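Trainee: Starting off with a structure, shown below.
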Amino acid sequence: MYPPSKSYSDRFIGNSQLIELVSTEEIQTTTLDDFCYSEGISEIDFIQIDTQGAELKILEGAKEILKSFLLLKVEVEFTSIYDNQPLFGDVDLYLRKSGFTFLDFETLHRDSRLRGPTVSQQHPGQLLWTDAFYFQDLIQKSSDEESFNNTPEKLLKLACIADILSFYDVAMETLEWLTWKYGDNPKYNFANNIAEVLSQSPDVVKQEVGALPAMERIKGYLDSKYFLNNPVVKEDELYSNLKLRKLNLIIFPDWSQTEETVGLELQAVIKNLVNHPDRSKMTLLIDNSNISAEDADLILSSVVMNLLMESELEVDEGPEIFLVGELSQIQWSALIPQLQGWIKLENENGEAIAQVKADNIPLIELSNFSDKTSNKID
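FYI, our numbering numbers position 312 of the sequence shown as 400, with every residue one higher than the one before it.
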């Protein structure tokens, strides 16, 4: 162990009291290589090293076992907290020469100067230490000398470790490579797993998952459901999220019309549904793609309130009314087969109708709404 640096403790105030030298003891040590040899350990997939400045010495004593490391977390200092200790640059150089790639820092820790405690937002004190992450970039390595770790099992282990440590990009890239190289073996085919994860991303869900660059090399391993013609939306989730029932209807109001015009059309539709004997089995979806959900909800609330006051209607038993303005093309493709009718309005959002291919939805005129819907429910 390295003794505390008097220069550091005299100049900085944050950690100096924590590293006061109280006594010294001699202890017997060994190298990591010797320890692993004596214990019959031939591989280490992940290791964390935190020994207050002695990290480089430990790495230097692990030349053989170091070759098996897939990812490591090592404490590094940028300021000499201990006398003559190696700093980040020394550790970084050694690991790079040993075939590792720097990945990221964890939280950066700083300290304040005893005789200069004022700091700025841009430079909030002296950078002291952090934990640094390094990994073996198995995708980049291809020579015979480095082939020890370039196996499907090692790739899979690296992906798992990266995922646990929240390096999701490394995990996904590694799984993509693993699938591309070894996907004929079901054990190493992760195409559908990758697609499932991507389909949950708000930025990705509006696109065809199977056509994403991340899937280009492995799309041949994908289930057809990850393409637009077979959307990756589960039917039970669709029913739950949109509150679908036995009879699901949709309208496409033109919200660019005056509030009065839109309100009258909404009122006519909702009044028909509320008066229908099977209203408890109905859900009305209202497209609001050309207006914010907040503004649409205000108009809709006003319409419902007017109906309640003027007609003394009871709406406790339905129908469910749900705004749908934020659906992706994939979600629309899954929703349309679940719709039993598109109620025609005088003023409609033609752009939305064309975009979602609403022509595939059975058209219902409000004038014969009761007859049409009764037949569908029966």
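We put the beta carbon where it would ideally sit given N, CA and C, even for glycine.
Nothing here was measured: the structure is a model prediction, and the numbers come from that model.
Could you please give me the residues that DSSP links to Leu373 through a beta bridge?
Mentor: Sequence index remark: in the sequence shown, residue 373 carries index 285 (1-based). For Leu373, which the question treats as bridged, DSSP gives the partners Ile338 and Phe410.
Trainee: So Gln136 is in the beta strand (DSSP E); what residue range does that whole segment cover?
Mentor: To locate residue 136, count along the sequence shown from 1; it is residue 48. Taken as a continuous stretch (DSSP letters only), the beta strand (DSSP E) holding Gln136 covers Phe134 to Ile137.
Trainee: Helix, strand or coil for Ala446 per DSSP?
Mentor: In the sequence shown, counting from the first residue as 1, residue 446 sits at position 358. If DSSP states are grouped into helix, strand and coil, Ala446 belongs with the helices.
Trainee: Tell me where the beta strand (DSSP E) around Asp219 begins and ends.
Mentor: Working through the sequence shown from its first residue, we reach residue 219 at position 131. Asp219 -> beta strand (DSSP E) spans Gln214 to Phe223.
Trainee: Under the three-state reduction of DSSP, which class applies to Trp430: helix, strand or coil?
Mentor: Here the question's residue 430 lines up with position 342 in the sequence shown. Reduced to three states, the DSSP call for Trp430 is strand.
Trainee: Rounded to whole angstroms, what is the Cα-Cα separation between Ile449 and Gln426?
Mentor: Taking the first residue of the sequence shown as 1, we reach residue 449 at position 361. Taking the first residue of the sequence shown as 1, we reach residue 426 at position 338. For Ile449 and Gln426, the distance between alpha carbons rounds to 9 Å.
Trainee: Which term fits Leu144, buried or exposed, when burial requires 16 or more other beta carbons within 10 angstroms of its beta carbon?
Mentor: For the purposes of this step, residue 144 is taken as residue 56 along the sequence shown, with counting starting at 1. Classification for Leu144: buried.
Trainee: For the 8 Å Cβ check, are there 3 or more pairs between the segment 161–174 and the segment 112–130?
Mentor: The segment 161–174 vs the segment 112–130: no contact.
Trainee: Determine the closest residue to Phe223 out of Gly213, Asp192 and Leu310, with distance taken between C-alpha atoms.
Mentor: Residue mapping note: residue 223 aligns to position 135 of the sequence shown, counting from 1. Phe223 has its Cα closest to that of Asp192, out of Gly213, Asp192 and Leu310.
Trainee: Is it buried or exposed, Tyr256, if we count other Cβ atoms within 10 angstroms and call 16 or more buried?
Mentor: Here residue 256 is taken as the residue at index 168 of the sequence shown, counted from 1. That one is exposed.
Trainee: Based on the DSSP secondary-structure assignment, which residues constitute the bridge partners of His364?
Mentor: In the sequence shown, the residue the question calls residue 364 occupies position 276. Note: His364 sits in no beta bridge, so no partner.
Trainee: Residues in the same chain with beta-carbon distance under 6 Å from Ser231, minus the five sequence neighbours each way, listed in chain order, please.
Mentor: Numbered from 1 along the sequence shown, position 143 holds the residue referred to as residue 231. Low confidence applies to Ser231: its pLDDT is 46, below 50, so where it sits in the model is not reliable enough to give any reading.
Trainee: Per DSSP, Pro92 forms a beta bridge with which residues?
Mentor: The residue given as residue 92 occupies position 4 in the sequence shown. Answer by DSSP bridge pairing, in chain order: Tyr170.
Trainee: For the beta strand (DSSP E) that Leu191 lies in, which residues bound it at each end?
Mentor: Walking along the sequence shown from the start, residue 191 turns up at place 103. Per DSSP, Leu191 belongs to the beta strand (DSSP E) from Thr189 to Phe193.
Trainee: Give me the Cβ distance between Ile249 and Leu158, rounded to the nearest whole Å; I'm assuming they're in contact under 8 Å.
Mentor: Position 161 of the sequence shown, counting from 1, holds the residue named residue 249. Position 70 of the sequence shown, counting from 1, holds the residue named residue 158. Going by Cβ atoms, the distance from Ile249 to Leu158 rounds to 6 Å, so yes, they are a contact pair.
Trainee: Determine, using beta carbons only, whether Asp171 and Tyr90 come nearer to each other than 8 Å.
Mentor: Mapped onto the sequence shown, residue 171 falls at position 83. Mapped onto the sequence shown, residue 90 falls at position 2. Yes.
Trainee: For Met260, count neighbouring C-beta atoms within 10 Å of its own C-beta (all shown protein chains included) and say buried if the count is 16 or more, exposed if not.
Mentor: By 1-based counting over the sequence shown, the position of residue 260 is 172. It is buried - the Cβ of Met260 has at least 16 other Cβ atoms within 10 Å.
Trainee: Give me the DSSP bridge partner(s) of His197.
Mentor: In the sequence shown, residue 197 corresponds to position 109, counting from 1. His197 pairs with Trp217.
Trainee: What's the gap between the Cα of Glu108 and the Cα of Ile169?
Mentor: Taking the sequence shown and counting its residues from 1, one reaches residue 108 at position 20. Taking the sequence shown and counting its residues from 1, one reaches residue 169 at position 81. Answer to the nearest angstrom: the Cα atoms are 11 Å apart.
Trainee: Helix, strand or coil: which one does DSSP assign to Leu120?
Mentor: Translated into the one-based positions of the sequence shown, residue 120 becomes position 32. Leu120: helix per DSSP, three-state reduction.
Trainee: Any chance the segment 134–142 sits against the segment 188–208, with 3 or more Cβ pairs inside 8 Å?
Mentor: No: fewer than three Cβ pairs fall under 8 Å.
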